[in-house]
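**Q** The following block contains the structure, expressed as structure tokens.
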Amino acid sequence: MGNKTILISNDNRSNTLTNFDKVDMTPYDNFRKQSSTFRRNNLKTKANEYEISFNPFINAASPLIKYVLEVCENSNDEAQMDDIRQNCISKINLYGETALNYGIDNTEVLVTRYILCTFVDELMNMNFSSGNKSWSSNSLLNIFHRETYGGENFFHLLDKFLKTSAKYIHILELMYICMALGFEGKYRVIDRGEVELNNIKDSLFRQIKIVKGRDPYTFYTSQEPSKDKYRLFNKIPYSLLFLGIFLFLAIIYSILTLTLSSQNSDFMDVVNNKKVVVDNLKGIE
């Protein structure tokens, strides 16, 4: 499939983002049963039964995001722009491969790639804005999707995904991270854009928390009686305990026996000495 602009349907009844051929979602559905957070399976679940999962989009995009942030922090040399662009292209291709290996639907991979290209282009435009050369002259969005600006479409996609937030929660998390890391899109150039963008981020954050779900805080919860048998010593087996007691008593018995034997020997010596003295006295008489 060649690179092309993605058209998002306004039909809320549609289950797909575009008109691409439907791909078997079974591998991805199985994969999503696992989501970089801990969350309860249900409200009645035991305390130690959590569903461990991660966000596949964020995991696949981590190398790209990390690289872009490092570039923005450490380099604004226009002489390196072409090399940086090439590295970004390589990491976006790596993102697509990694996401597909996770079993993610190709349509969602393309949409999230569009989001990432828009995010990277804005940060790079700001980073290289002071020189004569412009990042936007050959932006990632133009290379991969034949578009020159996605700052408005980003928020159109956000509105689309919020209508079925449970289905697209992982993509919404990725979009939230992009905004948290500095993406502003169309709100960078409009009046009171910062205020409106902060409201959008706060609303998105709350929606993610609602979908992820948390157990309600309660002051008291009824507890079932424990089925564990009571044991006086939980960490010491009874057999070892009895053996220790037996050895202790045996040692005491041995000490007492030796002491008594020694005293009895001394007593017999005294008795024998007295008997000898008496016999000697009788002989003298």
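So that you can map any letter, position 30 of the sequence shown is 1247 in the numbering used here, and since no number is skipped, the others follow by simple counting. We put the CB at the ideal spot given by N, CA and C, even for glycine. Keep in mind it's a predicted model, so treat the numbers as computed, not measured.
Kindly indicate the opening and closing residues of the alpha helix (DSSP H) around Pro1280.
**A** 1273-1291
**Q** Give the straight-line distance between the Cα atoms of Gly1399 and Leu1340, rounded to the nearest whole angstrom.
**A** 7 Å
**Q** Quick one: Cα of Phe1372 to Cα of Ile1394, how far?
**A** One C-alpha to the other measures close to 14 Å.
**Q** Distance, Cα to Cα, Glu1364 vs Leu1358?
**A** 6 Å
**Q** In terms of residue numbering, what span does the alpha helix (DSSP H) encompassing Ser1420 cover?
**A** 1410-1429
**Q** Contact check, Arg1330 vs Ile1309 under 8 Å by CB: the rounded distance?
**A** 6 Å
**Q** Output the distance between the C-alpha atoms of Ile1407 and Leu1421, rounded to the nearest integer angstrom.
**A** In this structure, the CA atom of Ile1407 is about 20 Å from the CA atom of Leu1421.
**Q** Answer yes if the stretch 1321-1328 comes into contact with the stretch 1280-1291, meaning at least three C-beta pairs across the two stretches below 8 Å, and no otherwise.
**A** no
**Q** Give the single residue among Asp1419, Val1412, Arg1409, Gly1410 whose Cα lies nearest to the Cα of Met1392.
**A** Residue Asp1419 holds the alpha-carbon nearest to the alpha-carbon of Met1392 among Asp1419, Val1412, Arg1409, Gly1410.
**Q** Beta-carbon within less than 8 Å of Ile1462's beta-carbon, same chain only, minus the 5 sequence neighbours each way: which residues are those?
**A** none
**Q** Three-state secondary structure (DSSP) at Leu1398?
**A** coil
**Q** Could you check the C-alpha separation between Ser1479 and Pro1442 for me, to the nearest Å?
**A** 58 Å
**Q** Would you grab the beta carbon distance between Leu1374 and Ile1332 for me? Rounded to a whole angstrom, and I think it's under 8 Å.
**A** 7 Å
**Q** In this structure, does DSSP put Asp1294 in helix, strand or coil?
**A** coil
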